[in-house]
């Protein structure tokens, strides 16, 4: 992701931009038209100069004399973060976490299109969750080949994580978003993003 | 969190230490006694000098001529990351995500003790999930007062996030781990950690 001068945007800025985006969606749902950098800063407890600096990275901030136009600013963040480029994903593991992610409509706002879920539990196969079909895991290889899948979201129990990762890699999928606490062993051309919930927790509770 | 010289450990190092910890648990379950920095580095695709540098921050690394002793290294990481200091938590929202977190036994390995869940769905109240009782949300105030709760993990649908946060704050809980996509408005003495799954996703798919 790049800013208006085609310089890369740091992870911390990306993270803050998605939080600004959440605030903007909330303001839109409440019918509020304008927002100031101070209002954003107050909600996130950060410095308003930081907010202004971040928003200056965008192509066009929709800034007026009464603050930023909420709708314009939201669109500009979406363009900068590349939401318009849709990624096609599947969820491997239709347990509670997989179900929660399948239900999370917010993903589509960010260009993540979850097409279906995979599981080995015959009681779940054929059911739908949030309009997404749960498919038998043995069909993953064929499905991925036919449906041009970019990302597999891995949400199986830890003991099945590596074998499912092997299946995903064999299916030709090049990105794994790994929600299991297992460090996966995959071939060099596959990228794994470890969603390290425990690492996040430990950072949060650092002074607790 | 501090290293052996009582200097603070950065978020990135904390994150890597938890990944090393996952690898060590895997090695222990496989009955392997020793591990080298190269083996860890290879699994995580980072430089082995980085692994050695991180492990040098620990008090006692259990390093021998044949690499690190897996069990000793695991204990040392746990001591450094303060897992021994248990935090008492509740989950607010017994939907799929709340259920997934309640089932995630790994938390207790990291000093997070989830005592119970809260919901407003009468069909769920009184049931248990992973030995944790689901309690009517109207009892949260009294429960928190009587049970010395450190952390509320917020997993309700977006439209209930702010009102539940208000209830949590009124109950005297000072830390909210927020899994909803809502930026919460809370009093100054309460800390909110936004588990920004979309921000993480966008960082991951930066070059996709």
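Residue numbers (our numbering), protein chains in the order written: chain A, 1 to 208; chain B, 1001 to 1208.
Idealized CB from N, CA, C, for every residue including glycine.
{"Check": "Within 9 Å of any Cβ in chain A, is that where the Cβ of residue 1073 of chain B sits?", "Outcome": "no"}
{"Check": "Just the C-alpha distance for residue 186 of chain A and residue 1142 of chain B, rounded to the nearest angstrom, thanks.", "Outcome": "49 Å"}
{"Check": "Check whether chain A comes within 9 Å of residue 1037 of chain B, counting only Cβ atoms and requiring the distance to be less than that.", "Outcome": "no"}
{"Check": "Is there at least one Cβ from chain B nearer than 9 Å to residue 53 of chain A's Cβ?", "Outcome": "no"}
{"Check": "Apart from the five residues just before and just after residue 1152 of chain B, which ones in its own chain have a Cβ nearer than 6 Å to its Cβ?", "Outcome": "1090, 1092, 1168, 1173 and 1176"}
{"Check": "Opposite residue 194 of chain A in the DSSP bridges: which residues?", "Outcome": "A/178"}
{"Check": "Could you give the uninterrupted runs of the alpha helix (DSSP H) lying entirely in the stretch 1125 to 1155 of chain B, keeping only those of 4 residues or more?", "Outcome": "1140 to 1147"}
{"Check": "What are the complete alpha helix (DSSP H) segments, minimum 4 residues, inside the stretch 45 to 122 of chain A?", "Outcome": "48 to 56, 70 to 80, 96 to 103 and 106 to 109"}
{"Check": "Give me the Cα-Cα distance between residue 104 of chain A and residue 1060 of chain B, rounded to the nearest whole angstrom.", "Outcome": "43 Å"}
{"Check": "Does the Cβ-Cβ distance between residue 55 of chain A and residue 23 of chain A come in under 9 Å?", "Outcome": "no"}
{"Check": "List, in order along the chain, the chain A residues whose C-beta lies closer than 8 Å to that of residue 1183 of chain B?", "Outcome": "19, 22, 23, 26, 43 and 44"}
{"Check": "Under DSSP, the alpha helix (DSSP H) around residue 1023 of chain B begins and ends at which residues?", "Outcome": "1011 to 1029"}
{"Check": "Residues in the same chain with beta-carbon distance under 7 Å from residue 1070 of chain B, minus the five sequence neighbours each way, listed in chain order, please.", "Outcome": "1024, 1027, 1028, 1032, 1033, 1034 and 1035"}
{"Check": "Indicate whether residue 1100 of chain B and residue 200 of chain A have their beta-carbon atoms separated by less than 9 Å.", "Outcome": "no"}
{"Check": "Listing by chain order, which chain B residues have their CB less than 7 Å from the CB of residue 103 of chain A?", "Outcome": "1096"}
{"Check": "Assign residue 1066 of chain B to one of two classes, buried (16 or more other C-beta atoms within 10 Å of its C-beta) or exposed (fewer than that).", "Outcome": "exposed"}
{"Check": "Whose C-alpha, out of B/1145, B/1148, B/1144 and B/1116, is nearest the C-alpha of residue 1135 of chain B?", "Outcome": "B/1116"}
{"Check": "Note the first and the last residue of the continuous alpha helix (DSSP H) segment covering residue 1168 of chain B.", "Outcome": "1158 to 1170"}
{"Check": "Name, please, each residue of chain A whose Cβ falls closer than 7 Å to the Cβ of residue 1196 of chain B.", "Outcome": "15, 18 and 19"}
{"Check": "Can you tell me the Cα-Cα spacing of residue 1171 of chain B and residue 1191 of chain B, whole angstroms?", "Outcome": "14 Å"}
{"Check": "Using a Cβ-Cβ cutoff of 8 Å, what residues of the stretch 1130 to 1145 of chain B are near chain A? List them in chain order.", "Outcome": "none"}
{"Check": "For the candidate residues B/1041, B/1082 and B/1058, whose alpha-carbon lies nearest to that of residue 198 of chain A?", "Outcome": "B/1082"}
{"Check": "What does DSSP give as the partner residue(s) for residue 1034 of chain B in the beta ladder?", "Outcome": "B/1069"}
{"Check": "Just checking my contact of residue 1021 of chain B with residue 1075 of chain B at CB under 8 Å: how many whole Å lie between their CB atoms?", "Outcome": "With 8 Å as the limit, residue 1021 of chain B and residue 1075 of chain B do not qualify as a contact, their Cβ atoms being about 10 Å apart."}
{"Check": "Give the single residue among B/1030, B/1010 and B/1079 whose Cα lies nearest to the Cα of residue 1053 of chain B.", "Outcome": "B/1010"}
{"Check": "Taking all protein chains shown into account, decide if residue 1133 of chain B is buried (16 or more other Cβ within 10 angstroms of its Cβ) or exposed.", "Outcome": "exposed"}
{"Check": "Comparing alpha-carbon positions, which option in A/63, A/46 and A/98 lies nearest residue 157 of chain A?", "Outcome": "A/98"}
{"Check": "Tell me whether the beta-carbon of residue 194 of chain A lies closer than 9 Å to the beta-carbon of residue 1019 of chain B.", "Outcome": "yes"}
{"Check": "I'd like the list of long-range same chain contacts for residue 1126 of chain B, defined as Cβ closer than 8 Å, with 5 residues on each side in sequence excluded.", "Outcome": "1133 and 1134"}
{"Check": "Just to check, is the beta-carbon of residue 1128 of chain B closer than 8 Å to a non-hydrogen atom of the ligand ATP?", "Outcome": "With respect to small molecules bound, the structure shown includes none, and the ligand ATP cannot be examined in it."}
{"Check": "Assuming residue 1166 of chain B and residue 1088 of chain B form a contact by the criterion Cβ under 8 Å, report the distance between their Cβ atoms to the nearest whole angstrom.", "Outcome": "About 21 Å separates the two Cβ atoms, so there is no contact after all."}
{"Check": "Please determine, among B/1145, B/1180 and B/1140, the residue with the shortest C-alpha to C-alpha distance to residue 1154 of chain B.", "Outcome": "B/1180"}
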